[in-house]
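Data first, discussion second: the structure below is written as structure tokens.
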Amino acid sequence: MKKDLLMRNPLRQLGYGSEDILADGAFGAILARAGLGKTAFLVQIALHTMLRDRSVLHISLDDPVDKVSLWYQEVFNLMAKSRQAIPSSDLWDHLLPQRFIMTFKVEGFSVPKLRERLTDLTEQDIFHPHTLIIDGLPFDGDMGGLLEDLKAMCGETGIRSWFTVRTHRHEEPGPDGMPPQLADLQNLFDIALQLLPDGQDIHIRQLKGGTGQDTPLRFDPATMLIKAD
Amino acid sequence: MNKDIRKVRNIGISAHIDSGKTTLTERILFYTQRIHAIHDVKGKDGVGATMDSMELEKERGITIASAATYCEWQGHEINIIDTPGHVDFTIEVERSLRVLDGGILVLCSVGGVQSQSITVDQQMKRYKVPSIAFINKCDRSGANPFRVIGQLREKLGHNAVALQIPIGLEADFEGVVDLIAMQAVYFDGDNGETLRIEAIPEAIREEALQRREELIDAATMFSDELTEVVLEEKEVSEELLISALRTGVLAREITPVMVGSAYKNKGVQLLLDAVNNYLPCPDEIENVALDTENDEAPVILTSQNDDPLVALAFKLEDGQYGQLTYIRVYQGRLAKGGTIINVRTGKKVKIGRVVRMHADQMEDIEAIPAGYIGALFGIDCASGDTFVAPGLDLTMTSMFVPEPVISLAVKPVDHKAEINMSKALNRFTKEDPTFKTHVSEETGDTIISGMGELHLEVYIERMKREYSAVVDTGQPRVAYRETITAQAEFDYIHKKQTGGAGQYGRVAGYLEPLADEEFVFESQIVGGAIPTQFIPSCEKGFRRCLAKGPKMEFPVTGVKAVITDGASHAVDSSDKAFQAAARGAFLQAYAKAKAVIQEPIMKVVVESPTEFQGAVMGSLNQRRGMIVGSQDEGVMTVIESQVPLAEMFGYSTVLRSLTQGKAQFTMEFATYRQVPQSVAEEIAKKRSEEKKKVA
Numbered sequence: 001m002k003k004d005l006l007m008r009n010p011l012r013q014l015g016y017g018s019e020d021i022l023a024d025g026a027f028g029a030i031l032a033r034a035g036l037g038k039t040a041f042l043v044q045i046a047l048h049t050m051l052r053d054r055s056v057l058h059i060s061l062d063d064p065v066d067k068v069s070l071w072y073q074e075v076f077n078l079m080a081k082s083r084q085a086i087p088s089s090d091l092w093d094h095l096l097p098q099r100f101i102m103t104f105k106v107e108g109f110s111v112p113k114l115r116e117r118l119t120d121l122t123e124q125d126i127f128h129p130h131t132l133i134i135d136g137l138p139f140d141g142d143m144g145g146l147l148e149d150l151k152a153m154c155g156e157t158g159i160r161s162w163f164t165v166r167t168h169r170h171e172e173p174g175p176d177g178m179p180p181q182l183a184d185l186q187n188l189f190d191i192a193l194q195l196l197p198d199g200q201d202i203h204i205r206q207l208k209g210g211t212g213q214d215t216p217l218r219f220d221p222a223t224m225l226i227k228a229d
Numbered sequence: 230m231n232k233d234i235r236k237v238r239n240i241g242i243s244a245h246i247d248s249g250k251t252t253l254t255e256r257i258l259f260y261t262q263r264i265h266a267i268h269d270v271k272g273k274d275g276v277g278a279t280m281d282s283m284e285l286e287k288e289r290g291i292t293i294a295s296a297a298t299y300c301e302w303q304g305h306e307i308n309i310i311d312t313p314g315h316v317d318f319t320i321e322v323e324r325s326l327r328v329l330d331g332g333i334l335v336l337c338s339v340g341g342v343q344s345q346s347i348t349v350d351q352q353m354k355r356y357k358v359p360s361i362a363f364i365n366k367c368d369r370s371g372a373n374p375f376r377v378i379g380q381l382r383e384k385l386g387h388n389a390v391a392l393q394i395p396i397g398l399e400a401d402f403e404g405v406v407d408l409i410a411m412q413a414v415y416f417d418g419d420n421g422e423t424l425r426i427e428a429i430p431e432a433i434r435e436e437a438l439q440r441r442e443e444l445i446d447a448a449t450m451f452s453d454e455l456t457e458v459v460l461e462e463k464e465v466s467e468e469l470l471i472s473a474l475r476t477g478v479l480a481r482e483i484t485p486v487m488v489g490s491a492y493k494n495k496g497v498q499l500l501l502d503a504v505n506n507y508l509p510c511p512d513e514i515e516n517v518a519l520d521t522e523n524d525e526a527p528v529i530l531t532s533q534n535d536d537p538l539v540a541l542a543f544k545l546e547d548g549q550y551g552q553l554t555y556i557r558v559y560q561g562r563l564a565k566g567g568t569i570i571n572v573r574t575g576k577k578v579k580i581g582r583v584v585r586m587h588a589d590q591m592e593d594i595e596a597i598p599a600g601y602i603g604a605l606f607g608i609d610c611a612s613g614d615t616f617v618a619p620g621l622d623l624t625m626t627s628m629f630v631p632e633p634v635i636s637l638a639v640k641p642v643d644h645k646a647e648i649n650m651s652k653a654l655n656r657f658t659k660e661d662p663t664f665k666t667h668v669s670e671e672t673g674d675t676i677i678s679g680m681g682e683l684h685l686e687v688y689i690e691r692m693k694r695e696y697s698a699v700v701d702t703g704q705p706r707v708a709y710r711e712t713i714t715a716q717a718e719f720d721y722i723h724k725k726q727t728g729g730a731g732q733y734g735r736v737a738g739y740l741e742p743l744a745d746e747e748f749v750f751e752s753q754i755v756g757g758a759i760p761t762q763f764i765p766s767c768e769k770g771f772r773r774c775l776a777k778g779p780k781m782e783f784p785v786t787g788v789k790a791v792i793t794d795g796a797s798h799a800v801d802s803s804d805k806a807f808q809a810a811a812r813g814a815f816l817q818a819y820a821k822a823k824a825v826i827q828e829p830i831m832k833v834v835v836e837s838p839t840e841f842q843g844a845v846m847g848s849l850n851q852r853r854g855m856i857v858g859s860q861d862e863g864v865m866t867v868i869e870s871q872v873p874l875a876e877m878f879g880y881s882t883v884l885r886s887l888t889q890g891k892a893q894f895t896m897e898f899a900t901y902r903q904v905p906q907s908v909a910e911e912i913a914k915k916r917s918e919e920k921k922k923v924a
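Taken in order, these protein sequences are the chains called A and B.
So for the first sequence, the working numbering puts the first residue at 1; every next one is plus one.
So for the second sequence, the working numbering puts the first residue at 230; every next one is plus one.
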């Protein structure tokens, strides 16, 4: 089942050279309006990373540990179902140690605090993250300083980071198509993917990195899974 | 009995062990004239505090079992559930919290918010219990109630506001200033029973005015009327201020704080006023039952006497007249002579004697109305059972009872202890569905099983104290089990045809792993290869193999046995022969089915001050734990992990020393998982040593 899920990773079709999509220390963003499935999208990226035996540190500024855990379980089950397989508890048990969830209150999250937590984990050989998932960072506020500090930290450690960025229906994007939340910060990001609803479908557009166009991928709102056209 | 439900309070008094809550309860009973003399907690006078009715509690000065008692204050009926303050007695605490509507959080004015205060507060939060706080021991050296109010805000996140300020502190503690009525209150008489009201001493008048401003400011959040009065700079009436604060307390958005010294008889009467004024009556609380007919869907109860009965038996005690069952009625009326149904057993029960309890004294009553707490005699039930009117299928607690994960051999030291132990175990298994007992076939020892090391320790201690049953205990044993990980075929002939009646049976088929179920048997026999009457014999034969696995004699689970072929003999085949054939087949296939040992994995949640979170994670990691995540909650961090039970023995001591006693942990069964090879080898070694000893 693991092999099957790996082989059919739809993200491979995004056309990046590396299976990691992001290079060492690079930033990626998933932009979408509230409720379109940013978390589910990132959890899939995380699960595909874990399937390749890379460890994922999931930082949530919205949800408690239990809820994040449930996201993973749910998306894993959906991925298995989409392959007509019964979710394997052995594979799930094998994947779990590759994931660590940290939750913070938005106001309590800072890079020095994260560094301290990471040091606790790595120095005691408890967990060495390969990829960071940061869900719920309020990009409407002034995030420049925090992101720059984070970039510096990731540069030192080589950790890749994915972020969810919440956009708003009423806000016009800039001339380059970039929503205002990322407009001034885009130099920090190597890849930006946007989820765009179109009738019953959700398209995935590459705002930065790749071709800068709609990808052959869709995000299925019914199953919350990434699918190839 | 009071008929006005608005004048009923079901409250709990929760606190850290040494914050003096049993003394406080004793004083409450004294001032409400339920008792006529005051006794010390530690029982210097040989009587002991009235609420601690268990011997162990009297000796240690702590409260383990939650006794329920009632008293009356200013026309209100107050039922007090005395909840345990120690984190280990979780079942008791949680049952108590399930039946009460409001709580008094007692804190020590010297010790302040300690780790156990954090735990009981968490439990109150989980059950959404509105609370008020009482800062006790203001007469002690080092008393500083305002530091404690600060801790209530910072450490527990309460919106704590002072309703009173102390007049003097430590040895000079004389009385309190009531910031609502703006008067000084002193407690005169031998036992502080006479309240003397005076003007606020000039020296603290300024402070009192400032604290009252703060109180009014906090209360305006809950009343537009009060806000208007404040904005118009009119006089704030007592009623208006109390009503605004009550709204805040019921929403769990404000915690009024009182001060005093129960031991020195100061401040208790005002605390009772506060119970009446701020804590909810039963119909202000939403109680939810689960519909057993509808996948345990939640159903909101009404607290009306005319509706069908729903009641929860939350505590059992051995009284001199037989089993006493403490019960809370949520909906309907539980009357003497009526018939009710025990939802768990489905049995009809006729109600005999109905009483109202006052620790270990009682008063006969005709009925327990909705919202009230009482006790029944002669009802055969277990703790946590729900009773309903015939026709209802509701339960107050989920029917799910986890299987025990740890066991311990207990050996009575003499014949008397043996008899008493049997009585004790009979009682405990009724009280607690997670506590089980059986006799080991191998050693003849009595084995007790439960949900954790401390769980069993408490019962061993209670056996000794309450039943004078002294027992020797063996090493705690983890409930390992065996399962298979691969499909394997069998084709086995059981043949015994030499002399006397012969035996013949052949079974063929395969074993395969099975997720989430213990055992499944399937027959795919066609054409009578095995005669129909012997198919159940095969199943029986397989099932008999499950109790003791061939690998290490642990119970076998997660196996599917499928029979596809077989053969029989017209004369020599029998039930016995096919059972033996199935057993042989099982052993044959099991050897090839890659059997493994599984161990119970516990969900361990540690709540620790943030500065110790690294050390805590390290300690869990060292125990083969997998850390699921950490939740940053400001000064505290909650670490969630999955750790093998076998590694958790003695963890409370380790955690205490790692965190200066400031961290708490809870542990519950999560799942079974395969043990690593090295651990399996160690278990095998231990197992063979034990067998040698028995032999």
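Glycine is no exception: its CB is placed at the ideal position from the N, C-alpha and C atoms.
Query                                                                                                                    : Result
Buried versus exposed, by CB contacts within 10 Å (16 or more), Ala297 (chain B)                                         : buried
First and last residue of the uninterrupted alpha helix (DSSP H) at Gln206 (chain A)                                     : Not the alpha helix (DSSP H): Gln206 (chain A) falls in the beta strand (DSSP E), residues 201–208.
Buried versus exposed, by CB contacts within 10 Å (16 or more), Gly28 (chain A)                                          : buried
Cα-Cα separation between Ser917 (chain B) and Val867 (chain B), rounded to whole angstroms                               : 40 Å
Ile293 (chain B) to Cys610 (chain B) span [Cα, whole Å]                                                                  : Because the pLDDT at Ile293 (chain B) is just 35, under 50, the model does not fix this residue reliably, and the value given afterwards should be weighed accordingly. Rounded to whole angstroms, Ile293 (chain B) to Cys610 (chain B) spans 21 Å at the Cα level.
Chain A within 9 Å of Ile856 (chain B), Cβ atoms only                                                                    : yes
Chain A contact for Val904 (chain B) (CB, 9 Å cutoff)                                                                    : no
Reference Glu306 (chain B), options B:Lys236, B:Val349, B:Thr254, closest by Cα                                          : B:Lys236
Gly813 (chain B) (DSSP reduced to helix, strand or coil)                                                                 : helix
Sufficient close CB pairs (3 or more, under 8 Å) joining the stretch 24–40 of chain A to the stretch 161–170 of chain A  : yes
C-alpha distance - Gln194 (chain A) paired with Asp149 (chain A), whole-angstrom precision                               : 24 Å
Burial state of Tyr550 (chain B) (16 or more Cβ within 10 Å)                                                             : exposed
Simplified DSSP state of Asp90 (chain A), which is helix, strand or coil                                                 : helix
contact_flag[the stretch 363–374 of chain B, the stretch 326–340 of chain B] where n(CB pairs < 8 Å) is 3 or more        : yes
Whole runs of the alpha helix (DSSP H) within the stretch 111–174 of chain A, excluding any shorter than 4 residues      : 111–123, 144–157
Glu288 (chain B) at chain A interface by Cβ criterion, 9 Å                                                               : Because Glu288 (chain B) carries a pLDDT of 40, less than 50, the predicted location of this residue cannot be relied on, and the following value inherits that uncertainty. No, Glu288 (chain B) lies away from the interface with chain A (no Cβ there is under 9 Å from its Cβ).
Where Lys920 (chain B) sits in the DSSP three-state scheme                                                               : helix
Residue environment, Ala875 (chain B), which counts as buried when at least 16 other CB atoms sit within 10 Å            : buried
Of the listed residues B:Ala811, B:Arg852, B:Thr786, B:Leu775, nearest to Gln827 (chain B) (C-alpha basis)               : B:Thr786
Contact under 9 Å by Cβ, Leu792 (chain B) with Glu746 (chain B)                                                          : The sequence given here has Ile at residue 792 (chain B), not Leu. No. Outside cutoff.
Below-9 Å beta-carbon distance, Ser859 (chain B) vs any chain A residue                                                  : yes
Contact belief for Leu683 (chain B) with Leu637 (chain B) at Cβ below 8 Å, rounded distance in angstroms                 : Between Leu637 (chain B) and Leu683 (chain B) the Cβ distance is about 12 Å, and since that is not below 8 Å, they are no contact.
Ala599 (chain B), DSSP secondary structure in three states                                                               : coil
Segments assigned beta strand (DSSP E), at least 3 residues, entirely inside the stretch 609–665 of chain B              : 615–617, 635–641
Min CB distance Ile133 (chain A) to chain B below 9 Å                                                                    : no
Near the ligand FAD: Ile409 (chain B) beta-carbon under 8 Å from a heavy atom                                            : In terms of ligand content, the structure shown is empty, and the ligand FAD therefore cannot be addressed.
First through last residue of the beta strand (DSSP E) which encompasses Lys789 (chain B)                                : 788–796
Check whether Met487 (chain B) and Leu470 (chain B) have beta carbons under 9 Å apart                                    : no
Terminal residues of the alpha helix (DSSP H) in which Leu180 (chain A) lies                                             : Position check: residue 180 (chain A) holds Pro in this sequence, whereas Leu was assumed. Unbroken alpha helix (DSSP H) run through Pro180 (chain A): 180–183.
Which listed residue (B:Val834, B:Ala448, B:Cys774, B:Ala822) has its alpha carbon closest to that of Gln808 (chain B)   : B:Cys774
Closer than 9 Å to chain B by CB, Asp53 (chain A)                                                                        : no
Sheet register partners of Met411 (chain B) (DSSP bridge)                                                                : Partner(s): none; Met411 (chain B) has no beta bridge.
Test item: CB-CB of Lys544 (chain B) and Tyr559 (chain B) under 9 Å                                                      : no
Residue burial classification, Asn494 (chain B) (beta-carbon count within 10 angstroms, cutoff 16)                       : buried
His667 (chain B) classed as buried or exposed, judged by whether at least 16 other C-beta atoms fall within 10 angstroms : exposed
Chain-ordered neighbours of Gln842 (chain B) on chain A, where CB pairs are closer than 9 Å                              : Arg117, Asp120
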